[in-house]
Amino acid sequence: MNDTVTTKSAPQSKKRRRLVQGGLLVVYILIMVLMVLTGRRHTILIDNKDAPDGSYSAIDGMEVSIDNQESAEYYPGDRDRALVQGQRHTIQVTIFDDNTTIEQEFTVPLWSDMMIISVPKLVAGIEPWIEPFTMAEQIQEAQESGPPSGEMSFQSLGGVAPEEIELMQPIP
Amino acid sequence: MSAQKRLTTLFSRYAVVIIFVIITLVAIPPSGLSIKYIVQEIITRLGRNSFLVLALLLPIYAGMGLNFGMTLGAMAGQIGLIFAVNYGIANWQGLVFALLVGLPIAVLLGSIAGLVMNRAKGREMVTGYILAFFINGIYQFFVMYMLGSVIPMRNRAIVLSRGYGIRNTLNLESVRQSLDNIVMLRVAGYTIPLVTFIIIALLCVFVVWFKKTKLGQDMRAVGQDMAVAEAAGIPVEKTRIVAIIISTVLACAGQIIFLQNMGNLATYNAHDQTGFFAVAAILVGGASVTHASIVNVFVGVMLLHAMFVVSPLAGQNLFGSAMIGEYFRQFIGYGVIALSLVLYAWRTRRAASDARLGLHGPQNDSVKGNGGQP
Numbered sequence: 019m020n021d022t023v024t025t026k027s028a029p030q031s032k033k034r035r036r037l038v039q040g041g042l043l044v045v046y047i048l049i050m051v052l053m054v055l056t057g058r059r060h061t062i063l064i065d066n067k068d069a070p071d072g073s074y075s076a077i078d079g080m081e082v083s084i085d086n087q088e089s090a091e092y093y094p095g096d097r098d099r100a101l102v103q104g105q106r107h108t109i110q111v112t113i114f115d116d117n118t119t120i121e122q123e124f125t126v127p128l129w130s131d132m133m134i135i136s137v138p139k140l141v142a143g144i145e146p147w148i149e150p151f152t153m154a155e156q157i158q159e160a161q162e163s164g165p166p167s168g169e170m171s172f173q174s175l176g177g178v179a180p181e182e183i184e185l186m187q188p189i190p
Numbered sequence: 031m032s033a034q035k036r037l038t039t040l041f042s043r044y045a046v047v048i049i050f051v052i053i054t055l056v057a058i059p060p061s062g063l064s065i066k067y068i069v070q071e072i073i074t075r076l077g078r079n080s081f082l083v084l085a086l087l088l089p090i091y092a093g094m095g096l097n098f099g100m101t102l103g104a105m106a107g108q109i110g111l112i113f114a115v116n117y118g119i120a121n122w123q124g125l126v127f128a129l130l131v132g133l134p135i136a137v138l139l140g141s142i143a144g145l146v147m148n149r150a151k152g153r154e155m156v157t158g159y160i161l162a163f164f165i166n167g168i169y170q171f172f173v174m175y176m177l178g179s180v181i182p183m184r185n186r187a188i189v190l191s192r193g194y195g196i197r198n199t200l201n202l203e204s205v206r207q208s209l210d211n212i213v214m215l216r217v218a219g220y221t222i223p224l225v226t227f228i229i230i231a232l233l234c235v236f237v238v239w240f241k242k243t244k245l246g247q248d249m250r251a252v253g254q255d256m257a258v259a260e261a262a263g264i265p266v267e268k269t270r271i272v273a274i275i276i277s278t279v280l281a282c283a284g285q286i287i288f289l290q291n292m293g294n295l296a297t298y299n300a301h302d303q304t305g306f307f308a309v310a311a312i313l314v315g316g317a318s319v320t321h322a323s324i325v326n327v328f329v330g331v332m333l334l335h336a337m338f339v340v341s342p343l344a345g346q347n348l349f350g351s352a353m354i355g356e357y358f359r360q361f362i363g364y365g366v367i368a369l370s371l372v373l374y375a376w377r378t379r380r381a382a383s384d385a386r387l388g389l390h391g392p393q394n395d396s397v398k399g400n401g402g403q404p
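First to last, the sequence lines map onto chains A and B.
Per my numbering, the first sequence runs over residues 19 to 190.
Per my numbering, the second sequence runs over residues 31 to 404.
This is the structure in structure tokens:
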């Protein structure tokens with residue numbers, strides 16, 4: 019009688035153990051995915067420049083903050099960066115001239131390292147005001163369109179890392 | 031037991047601790063450092079190193095000596111951190127991600143170490159030490175060649191300019207002190223990384239609880255006498271492998287905690303000294319190859335690091351060169367390990383000699399002297 023119970027319960031316990039192990043593996047992978055989703059860091063460039071074709075112009079003076087981080091003042095031609103974590107964020111723009119405040123939500127694609135927000139486009143309601151930004155592409159574009167103008171400056175990004183310099187070198 | 035013999039026993043048991051306390055106390059005045067600074071440094075270093083040193087406890091309970099193979103776990107943790115930086119996962123999430131990546135690697139390396147050590151019973155320490163060198167070669171190959179060539183890397187900033195292999199030094203800015211800074215307590219002018227200490231406390235609770243479990247009891251039985259444990263039906267080899275796996279996994283987590291506090295990773299040699307300093311710390315705390323406790327861990331970390339803080343400046347002020355202090359640091363680290371091993375061998379031999387003498391006639395001294403305590 020006992021033997022029968024043992025032989026019947028052995029495969030069942032083995033099956034149960036496999037189920038538990040499988041469940042734990044799923045939980046393990048889910049935690050990993052959750053960490054990627056909530057922990058992935060993105061660089062947001064905040065840009066206040068005129069459009070090359072004159073369709074919009076830089077804002078005379080404003081204060082911008084992302085996700086209630088410390089705000090910074092921007093004047094025409096300024097560009098700075100903010101570091102954010104996760105995908106959903108809020109940008110708050112306070113324009114000095116009329117003291118109006120604009121708040122806008124935006125999402126950053128998971129695998130995008132750097133995005134650029136054109137605040138003049140955001141204020142003027144021109145889409146897309148947020149775009150992916152690649153340093154190498156920007157340099158290539160700048161070189162194709164002739165010598166860089168005085169306004170195009172990466173200095174405000176806080177210096178170019180040596181790795182980025184290495185990336186830049188092969189581009190003619 | 032005569033008073034002199036008792037004093038000799040006490041000194042031989044705590045020789046390392048006594049020597050260390052004396053050296054540190056002597057070095058404090060010439061270093062010119064304030065007590066407040068030294069205490070703050072010790073608090074920081076307790077948070078940074080304690081987890082790694084606690085990883086050594088279980089193999090000692092299982093009679094496997096000081097696990098120099100914990101370097102394997104440190105390497106697993108570093109691989110986890112490289113991937114966290116590669117995928118741009120910041121803050122404490124980056125640390126959890128690194129741990130989740132490092133965990134299976136640590137389990138695999140730990141089981142390999144356990145299997146090898148089962149083939150070298152009685153020589154686990156030197157086996158672990160050499161095994162760490164062997165796995166280090168594989169780690170170097172993996173990080174220097176595989177990453178970037180076979181395994182694609184997203185973050186070009188951490189890859190060498192040739193296109194594969196990881197840079198010598200990795201900036202862990204994205205995860206730097208992310209665990210420590212979750213809650214930074216300020217008490218009487220001292221900053222205490224509360225969450226880090228809570229995690230260390232939880233590990234201590236785990237160790238105490240684990241010792242009371244069936245597996246923990248088995249480990250202690252195996253540590254006391256393998257033949258008796260085997261006869262009692264305890265799976266000796268499996269228990270030893272489990273001890274090493276747990277130690278390696280804890281070393282993996284410990285290295286992540288250590289590196290997040292440091293803020294940068296020396297990719298190819300950060301793990302080199304991990305086992306060495308952890309072992310030195312636990313020995314300085316009064317542990318031996320066969321006996322260790324949680325108290326030994328904390329006393330050891332405090333004493334070793336107090337000396338690490340004061341010795342370079344004491345060297346600078348006494349001899350005009352900070353390098354003297356650095357040499358002294360290295361010398362003391364290795365010296366402590368050597369002294370502990372020599373004392374352990376001497377005590378073992380003396381105990382055997384006493385036992386032999388006991389066979390020749392009644393030696394009730396030891397029983398009386400012990401007060402009947404084990």
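Beta carbons: idealized from backbone N, C-alpha and C, even for Gly.
- Assignment of Glu267 of chain B by DSSP, reduced to helix, strand and coil, places it in the helix class.
- Nearest Cα to Thr39 of chain B within the set B:Leu371, B:Ile230, B:Trp376 and B:Phe163: B:Trp376.
- Of the candidates B:Ile58, B:Ala128 and B:Leu82, the residue whose Cα lies closest to the Cα of Met50 of chain A is B:Ala128.
- Inclusion of Trp147 of chain A and Ser136 of chain A in the CB contact set at 9 Å is warranted, their separation being smaller than that value.
- Counting C-beta pairs closer than 8 Å gives fewer than three between the stretch 65 to 78 of chain B and the stretch 248 to 257 of chain B, which falls short of the contact rule.
- Within the stretch 122 to 144 of chain B, the residues whose Cβ lies closer than 7 Å to any Cβ of chain A are, in chain order, Gln123, Gly124, Val126, Phe127 and Leu130.
- The three-state reading of DSSP puts Thr119 of chain A in strand, counting E and B together.
- Within chain A, not a single residue places a beta-carbon under 7 Å from that of Tyr194 of chain B; the smallest gap is close to 14 Å.
- Taking CB atoms only, Arg184 of chain B has a neighbour in chain A less than 9 Å away.
- Sequence-ordered contacts of the stretch 49 to 79 of chain A with chain B read Ile49, Met50, Met53, Val54, Thr56, Gly57, Arg58 and Arg59 [C-beta pairs closer than 7 Å].
- By the neighbour-count criterion, in which 16 or more other beta carbons inside 10 Å mark a residue as buried, Lys67 of chain A falls on the buried side.
- DSSP places Ile230 of chain B in the uninterrupted alpha helix (DSSP H) bounded by Leu224 to Lys242.
- Within the DSSP bridge table, the entry for Tyr220 of chain B names B:Val217 as partners.
- Burial check for Ile48 of chain B: the Cβ neighbour count within 10 Å stays below 16, so the residue is exposed.
- Taking Ser318 of chain B as reference, the option from B:Leu371, B:Val272, B:Leu333 and B:Val339 with the minimal CA-CA separation is B:Leu371.
- Secondary structure note for Thr54 of chain B: its alpha helix (DSSP H) is the uninterrupted segment Ala33 to Ser61.
- In the three-state reduction of the DSSP assignment, Phe124 of chain A falls in the strand class.
- Here Leu224 of chain B really is in contact with Leu215 of chain B; their C-beta atoms are around 5 Å apart, less than 8 Å.
- Taking all protein chains in view, the Cβ of Val237 of chain B is crowded by 16 or more other Cβ atoms within 10 Å, so the residue is classified as buried.
- For the 9 Å CB-CB criterion, Gly107 of chain B and Gly132 of chain B form a contact.
- With a 10 Å radius around the Cβ and a threshold of 16 neighbouring Cβ atoms, Gly152 of chain B comes out exposed.
- For the stretch 126 to 139 of chain A, the beta-carbon criterion of a distance under 9 Å to any beta-carbon of chain B is satisfied by Trp129 and Asp131.
- Linking Asn326 of chain B to Ala311 of chain B through their CA atoms gives a straight-line distance of about 8 Å.
- Following the DSSP letters along the chain, one finds Thr157 of chain B inside the alpha helix (DSSP H) bounded by residues Glu154 to Phe171.
- Here the alpha carbons of Gly40 of chain A and Ile47 of chain A stand approximately 11 Å from one another.
- Under the DSSP assignment, His335 of chain B falls in the alpha helix (DSSP H) whose first and last residues are Ile324 to Phe349.
- In this structure, DSSP gives Tyr92 of chain A an extended state, which the three-state scheme calls strand.
- Counting the other Cβ atoms within 10 Å of the Cβ of Phe361 of chain B gives fewer than 16, which makes it exposed.
- Per DSSP, Gln110 of chain A lies in no alpha helix (DSSP H) segment; the continuous beta strand (DSSP E) that holds it begins and ends at Arg106 to Ile113.
- Excluding the 5 residues flanking it on each side, Thr226 of chain B has same chain C-beta neighbours closer than 6 Å at Gly77, Leu209 and Asp210, in chain order.
- Taking a contact to require three or more Cβ pairs closer than 8 Å, the stretch 82 to 100 of chain B and the stretch 180 to 192 of chain B do not qualify as touching.
- Distance between Val180 of chain B and Lys33 of chain A, taken at the CA atoms: about 37 Å.
- Bounds of the beta strand (DSSP E) holding Ile134 of chain A are Met132 to Ser136.
- Going by DSSP, Met105 of chain B is part of the alpha helix (DSSP H) stretching over Met100 to Asn116.
- Only exposed fits Ala368 of chain B, as fewer than 16 other CB atoms lie within 10 angstroms of its CB.
- Legend: CB atoms of the stretch 94 to 113 of chain A lying less than 7 Å from CB atoms of chain B belong to residues Gln103.
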